[in-house]
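Participant: The structure's right below; bear with me while I get my questions together.
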Amino acid sequence: VAATQPSTNWHLKENARDHHTSKFSSRELIVRRGQAFIVTFNGTEQPEQNLTFIAETGPKPSRLAKTQATFGISSTVSKESWSAVLQSTSSNSVSISISSPPNAVIGRYKLSVQSTSSGSSSPANLGTFVLLFNPWSSGDDVFMPNKAECEEYVLEEFGIIFAGNKNHINSFGWNFGQFQGDILSICLSMLDRSLNYRQDPATDVSHRNDPKYVGRVLSAMVNANDDRGVLLGNWSGNYEGGKSPSSWTGSGEILQNWKKSGFKPVRYGQCWVFAAVLTTALRCLGIPTRTITNFSSAHDADGNLRVDEFYDASGNHLDRAADSIWNFHVWNESWFSRSDLGPSYSGWQVLDATPQEESGGIYQCGPASRNAIKEGDVDLDYDCPFVFAEVNADCMYWNYDPATGKKTLIFSKSTVIGQFISTKAVGRDDRVDVTNDYKYEEGSTKERDIFKKARKKLGLEDKFDPTAPTPQEIDQKPDISGKFKVAGPLEVGKDLNLILVLENLQSDAKTVHVNMTAWSTVYTRRPVHEIWKDSKSVTLSPKEEKQFPIKIPYTEYQQQLTTDNTIQVTALCHVEGGIQVLVQRDITLDNPAIDIQVLGEAKVNKEVDVEVVFTNPIDTEVMDCVLQVEGNDLLRGILEIDVPPLKASEKSSTKFKLIPFETGPKHLLVNFSCDKFADIKTFKMVNVID
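full-length UniProt numbering applies: residue 1 is where the sequence shown begins, and numbers increase by one.
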């Protein structure tokens, strides 16, 4: 007799509450591994002890690959394998508590039941459920003992990302939205569209019990290189044919667009967008994850722990080296144990989805143990040398003559790279500095010893490097010193006022020829447009300090500015009879402010008005004004409002309505753009009450 199709009660509410999955908006059961869940079904006519359950995942379920489990009813839960314990029975239904092992493969499972006594009847399908990593379970590789950290790094959908530069750190909100709509299904399809899955689906799925594996695969899938992944990177300053990277306010829109377009890469991403989307995917699957911003971040393309920058005689920063020093770079840390390396390397692991260098032939990076980076153990898996260089590389600044190809060292610095490494605080909207978790104090003997250890492990100590400066070049002492001081507000729409300060360090007079340039750049410090140049000759008496004011009017830089609002100012000083001195400063200009007010109390399922106010700070009209609003549990999808043009100094007020659908602290994110200001961002915490 063919088994009748049983009807299944998945106890969605109770199971979700016990498994910390209530925030998912799904009709499907979503549970975490290593923990029991309840299922009730009817339609089996057999005594319960004759029931056998089959849980299977992937295209070719197999017991050997641990993608299929067959288990009967037992009296106790097994820690090592799948098990079922009888809860209760009635005349026509059975309630079972099913437990998976803490190292089970994650993903979508099919559950069926078969009655052993009825001979050859085929198993009856009970339906599907999704199994995730479980940071609340002590047996899991991703176990996180601190509950507040689990809340932040797995369940929190709002994040703050730090940007700007080391002199001027700014931040903006981001909606990770890992529990929105079908984000979970999209994250599972990211795994199913990876190169590994395409090459060997069964083996790929069998490795999905391992957070190291899942993290590395997703670091490749978030960028479009190699595998038609989620996001296409673009650092040109020209974002035609897509959305500029700074215009996104959350991951949901990006992941939905990827799916809607038939999985064509979404245009465009830069580092924080890649990192934010990877945070969404990993939190969604249950791996505790956060974004990390490293200021003055090295991109060491040739693996020599040294970054070379080149300037011509006029002081122009030449875009000729593969190496670069970014104003900031954003990557991820995920929390899991490293059984492959040993307990001292467990904890936070660096993953980076920004396509910078290939690893194993494709653009992926990590997991690199943060402890291994701090201790200089760069020979350990995965990609430690690259991450070590991002926070530790030495910088060499060269003068390069394009006509002869000759380069001369201007100076070198070992304390520039890897500063103010930042992440959002747990449970608060503050910045926490984690620099000391990446390296020992800059300039200390311990820090230099670790650097030497890393060089040695990479075989750089004994190898002659023809591109390296000679000890004589490194030891040469300049006759003068210089710096740029800021003299006035750093705001888009205002003139940029700086002071070049030059000081004669010697007891005889010096004549100096100064060539100055200012270029607009992207945040990676890649020059885009020349804004200004000037040159002057100055004489400095013995030990004299002189100040030279510099003014770059808004009208001169306005057309050239990129959406990053960054300008690099350089003065190359040719000292007669001495060595050249390079003075440079990276300026990040702030956008004007925008203000959000919630007018009245925010209550569940009740309309509340929100007002956004913007004042045009410049003396020309601004056009093409668009307001974009999103916020989990406050509104569905993204609200776009066209705002009329604003005359000089005019104030605009835009009102819209929200109907919140969940209680608790929620974040509203606003992005305002117009023809003169790109992507003015702010966020507001809204406390929703019953």
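The beta-carbon is built from N, C-alpha and C at its ideal position, and this holds for glycine as well.
Could you name the residues of the same chain whose beta carbon sits closer than 6 Å to that of Arg198, not counting the 5 residues immediately before and after it, in chain order?
Facilitator: none
Participant: So, under 8 Å CB-CB, Phe672 and Phe614 are touching, yes? Tell me the CB distance rounded to an integer number of Å.
Facilitator: 6 Å
Participant: Note down, in chain order, each residue of its chain lying with its Cβ closer than 6 Å to the Cβ of Ala2, except the 5 sequence neighbours on either side.
Facilitator: Confidence at Ala2 is low in this model, with a pLDDT of 43, below 50, so its placement is unreliable and the value that follows should be read with caution. Excluding residues within five positions, none has a Cβ falling inside 6 Å.
Participant: Could you name the residues of the same chain whose beta carbon sits closer than 6 Å to that of Pro201, not counting the 5 residues immediately before and after it, in chain order?
Facilitator: Pro59
Participant: Report buried or exposed for Lys439, applying the criterion of at least 16 other Cβ atoms within 10 angstroms of its Cβ.
Facilitator: Result: buried.
Participant: Suppose you measure from the CA of Asn294 to the CA of Ser112; what does that come to, to the nearest Å?
Facilitator: Using only the alpha carbons, I get a separation of about 49 Å.
Participant: When the Cα atoms are used, what is the spatial distance from Leu131 to Arg216?
Facilitator: 19 Å
Participant: Excluding sequence positions up to five away, which residues of its chain have a Cβ less than 6 Å from the Cβ of Lys23?
Facilitator: Phe179
Participant: Using only CA atoms, which one of Tyr345, Val643, Gln506 lies nearest to Asp624?
Facilitator: Val643
Participant: If Ser296 and Val416 are in contact, beta carbons under 8 Å, what's the gap, nearest whole angstrom?
Facilitator: 6 Å
Participant: Using the C-alpha atoms, what's the distance from Ile186 back to Ser74?
Facilitator: Each residue's Cα considered, the two are about 36 Å apart.
Participant: Going by alpha carbons, who is nearest to Pro469 out of Glu601, Cys365, Arg306, Lys483?
Facilitator: Arg306
Participant: Is it buried or exposed, Met685, if we count other Cβ atoms within 10 angstroms and call 16 or more buried?
Facilitator: Looking at its Cβ environment, which holds fewer than 16 other Cβ atoms inside 10 Å, Met685 is exposed.
Participant: Quick check: Leu540 and Ile499, are their CB atoms within less than 8 Å of each other?
Facilitator: no
Participant: Which two residues bound the contiguous alpha helix (DSSP H) that contains Ala36?
Facilitator: Run containing Ala36: none in the alpha helix (DSSP H); it sits in the beta strand (DSSP E), 36–42.
Participant: Check whether the stretch 404–420 touches the stretch 264–273, taking contact to mean three or more Cβ pairs, one atom from each stretch, closer than 8 Å.
Facilitator: no
Participant: Determine the closest residue to Leu64 out of Thr203, Gly242, Gly286, Val622, with distance taken between C-alpha atoms.
Facilitator: Thr203
Participant: Under a three-way DSSP split, which group does Cys395 fall into?
Facilitator: strand
Participant: Compute the Euclidean distance between the alpha carbons of Val142 and Thr570, then round it to the nearest angstrom.
Facilitator: 47 Å
Participant: Could you check if Ser25 belongs to the surroundings of the ligand GDP, using beta carbon to heavy atom distance under 7 Å?
Facilitator: As for the ligand GDP, it is missing from this structure, which has no ligand bound.
Participant: Using the three-state DSSP reduction, which class does Leu460 fall into: helix, strand or coil?
Facilitator: Three-state result, Leu460: coil.
Participant: Using the DSSP secondary-structure output, state which residues sit across from Lys657 in a beta bridge.
Facilitator: Asp609
Participant: Going by DSSP, what residue range makes up the beta strand (DSSP E) through Ser185?
Facilitator: Careful: Ser185 lies outside any beta strand (DSSP E), inside the alpha helix (DSSP H) at 183–192.
Participant: Should the stretch 251–260 be called in touch with the stretch 327–344, which here means at least 3 C-beta pairs below 8 Å?
Facilitator: no
Participant: For Val575, does the three-state DSSP call read helix, strand or coil?
Facilitator: strand
Participant: Give me the Cα-Cα distance between Thr521 and Ser334, rounded to the nearest whole angstrom.
Facilitator: 31 Å
Participant: In three-state DSSP terms, what is Tyr239?
Facilitator: coil
Participant: If we define contact as Cβ-Cβ less than 8 Å, is Asn687 a contact residue for chain B?
Facilitator: Although the question refers to chain B, the structure presented lacks it and comprises just one protein chain.
Participant: The beta strand (DSSP E) that contains Phe336, what's its start and end?
Facilitator: 324–336
Participant: Which runs of the beta strand (DSSP E) fall wholly inside the stretch 266–333 and span at least 3 residues, in chain order?
Facilitator: 266–269, 289–299, 306–311
Participant: Would you identify the three-state DSSP class for Gly418, choosing helix, strand or coil?
Facilitator: coil
Participant: Using the C-alpha atoms, what's the distance from Ile680 back to Leu589?
Facilitator: One C-alpha to the other measures close to 12 Å.
Participant: Could you pull the DSSP bridge partners for Glu640 from this structure?
Facilitator: Gln628
Participant: Go ahead and pull the three-state DSSP assignment for Asn15.
Facilitator: The three-state reading of DSSP puts Asn15 in helix, counting H, G and I together.
Participant: Would DSSP call Val426 helix, strand or coil?
Facilitator: coil
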